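Residue numbering for the sequence shown follows UniProt numbering, starting at 1 and increasing by one per position.
Since the structure comes first, as structure tokens, the remarks are kept for the end.
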Amino acid sequence: MKMLYQEEPKYALLSQSSAPGRESEGPIALEYVPSRQCHRGHGVWVSWTPWIMSIIVAVLLPSPLMNIRRSPVDLIAELNTFSPIYQDINLHLDPTVPDGSLWDNATNIWRQDPSPEVDAAWHGISMSNPILLSREDIFKLGKSVKGSVQWPYSSEELYVGKMNGFHLLHCLNAIRQTVFSEYYWRVKKFVYARDISADVLDRPNGTTHPGHMPHVRHCIDVLRQELMCTFSLDVHTFTWVEHYSTPMADFMLQRQCRRWDDIVRWKELHQMSDEDNERVDRLQKPHGVFENILPEGAAELLGKTAEWLKHSHVD
């Protein structure tokens, strides 16, 4: 490696005519001649530069490629706060064009007027039973085990939780039912707190429930917050259409959607049984347990609700 930093001195024979003051016969003199290779070390570094750059590129280039090969769950989890669901859900993303049309569609059940078939469809996508969470899950969710509802029917320390996406769909359904209040409360039913089957309760005076409008306002606001928190950065275009003289928005967007069947499969594998779900509803607060403080006015609303339920008609 010495050659990389310095060059050995080079010597050449002097011709007899070029050695002043010397006879032709005698010792041969040596003259120091700077070699044309005296900067060879610099040249070696130059020749190594492409190799060094190749190594650097080879090390750094796989980093973005590794991200491409990562699963959708890993990428989604990286952009969100902790959820135990990310640990074992097999989630796929599907290229999808959602129905963004402005026109009624008789084949789209989600746009149809209320009916038993429509109710069954909404019931199917908005209902889920609770799931069980570990103590570590509670902490990672940013919560405290103090005041959290513990599941008493297990030898392990487990707590009760629920998938939030189904709560959001429940809220959307509650707003939908309010839009069609003539059907849901004056003709058929009023179901509050849980979307249970359509024929369980018959309360024509349902809209007088003290918690009805607070519940609807809650649902409007949580959906607003969800849409702002996960704000869509997709872009829709405008198009020209017949019988219309100004630009019309085209909401038929190219999307990457989480596969719904994967979510339902995870729910069905992890949620409590219907029997345990009923047990959750019947849990009574243990004596001396830590209680979180309710905001002003909440206690009064709960009291009015309890009183209303005493006098409501149930077949």
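Positions of the beta carbon are idealized from the N, C-alpha and C atoms, including for glycine.
Here the structure is a predicted model, which means the values were calculated and not measured.
When DSSP builds the beta bridges, which residues end up paired with Val160?
For this step, residue 160 is matched to residue 160 along the sequence shown. Per the DSSP secondary-structure output, Val160 pairs in a beta bridge with Leu132.
Quick check on DSSP: helix, strand or coil for Arg259?
Taking the first residue of the sequence shown as 1, we reach residue 259 at position 259. Arg259: coil per DSSP, three-state reduction.
Does Ser128 pass the burial test, meaning 16 or more other C-beta atoms within 10 Å, or should it be called exposed?
Looking up residue 128 in the sequence shown gives position 128. So Ser128 ends up on the buried side.
Every unbroken beta strand (DSSP E) within the region 208-283, with a cutoff of 3 residues, ordered by chain
The region 208-283 is shown to contain whole beta strand (DSSP E) runs of 3 or more residues at 237-239, 248-250 and 255-258, in chain order.
Just the C-alpha distance for Leu269 and Leu133, rounded to the nearest angstrom, thanks.
The residue labelled residue 269 in the question sits at position 269 within the sequence shown. The residue labelled residue 133 in the question sits at position 133 within the sequence shown. Between Leu269 and Leu133, the C-alpha separation is close to 14 angstroms.
Report all residues from its chain with a CB closer than 6 angstroms to the CB of Asp137; omit the five preceding and five following residues, and keep chain order.
For the purposes of this step, residue 137 is taken as the residue at position 137 of the sequence shown. Same-chain partners within the cutoff: Pro84.
Below 9 angstroms between beta carbons: does that hold for Val241 and Val160?
As a position in the sequence shown, residue 241 is number 241, starting the count at 1. As a position in the sequence shown, residue 160 is number 160, starting the count at 1. No, these two residues do not count as a Cβ contact at 9 angstroms.
Beta-carbon proximity list for Val216, same chain, < 8 angstroms, skipping 5 on both sides:
Mapped onto the sequence shown, residue 216 falls at position 216. So the list reads Ala174, Ile175 and Thr178, once near-sequence residues are dropped.
According to DSSP, Thr96 sits in a beta bridge with which residue or residues?
What you label residue 96 is simply residue 96 of the sequence shown in a count that begins at 1. According to DSSP, which records beta bridges pairwise, Thr96 is partnered with Arg255.
With burial defined as no fewer than 16 other Cβ atoms inside 10 Å of the residue's Cβ, what is the status of Gln225: buried or exposed?
Residue mapping note: residue 225 aligns to position 225 of the sequence shown, counting from 1. So Gln225 counts as exposed.
For Gln150, three-class secondary structure by DSSP:
Counting from 1 along the sequence shown, the entry for residue 150 is found at position 150. Looking at Gln150 - three-state DSSP - the assignment turns out to be strand.
Sorted by chain position, which residues of the same chain lie with C-beta nearer than 8 angstroms to Gln256's C-beta, five sequence neighbours on each side aside?
Within the sequence shown, residue 256 is the residue found at index 256, counting from 1. Leu93, Asp94, Pro95 and Thr96, listed in sequence order.
DSSP three-state call for Lys127: helix, strand or coil?
Locating residue 127 in the sequence shown gives position 127, where the first residue counts as 1. A quick correction: the sequence has Met, not Lys, at residue 127. Reduced to three states, the DSSP call for Met127 is coil.
Nearest by alpha-carbon distance to Lys267: which of Lys162, Ser181 and Leu102 is it?
Sequence index remark: in the sequence shown, residue 267 carries index 267 (1-based). Selection Lys162, Ser181 and Leu102 evaluated against Lys267 yields Lys162 as nearest (Cα-Cα).
In angstroms, rounded to a whole number, what distance separates the CA positions of Gly147 and Gly288?
Here the question's residue 147 lines up with position 147 in the sequence shown. Here the question's residue 288 lines up with position 288 in the sequence shown. Their backbone Cα atoms lie some 10 angstroms apart in a straight line.
Distance CB(residue 316)-CB(Trp308) smaller than 9 angstroms
The question about residue 316 has no answer, for the chain in this structure spans 1 to 315.
Leaving out the 5 sequence neighbours to the left and right, which residues in its chain are closer than 6 angstroms to Pro295 when beta-carbon positions are compared?
Counting from 1 along the sequence shown, the entry for residue 295 is found at position 295. Closer than 6 angstroms at Cβ, skipping near neighbours: no residue.
Pick out whichever of Gly165, Phe290 and Lys285 has its Cα sitting closest to the Cα of Val264.
As a position in the sequence shown, residue 264 is number 264, starting the count at 1. For Val264, the nearest C-alpha among the options comes from Gly165.
Nearest to Asp250 by CA position, among Ala106, Val235 and Trp260, is which residue?
Your numbering for residue 250 matches position 250 in the sequence shown. The residue with the shortest Cα to Cα distance from Asp250 is Val235.
Is Leu169 buried or exposed, if buried means 16 or more other CB atoms sit within 10 Å of its CB?
Translated into the one-based positions of the sequence shown, residue 169 becomes position 169. By the neighbour-count rule (16 or more Cβ atoms within 10 Å), Leu169 is buried.
What residue range does the alpha helix (DSSP H) around Pro72 cover?
Along the sequence shown, one-based indexing puts residue 72 at 72. It spans Pro72 to Glu78 - the alpha helix (DSSP H) in which Pro72 sits, taken as one unbroken run.
Beta carbon of Met252, beta carbon of Asp104: below 9 angstroms?
Within the sequence shown, the letter at position 252 stands for residue 252. Within the sequence shown, the letter at position 104 stands for residue 104. The criterion of a C-beta distance shorter than 9 angstroms is not satisfied by Met252 and Asp104.
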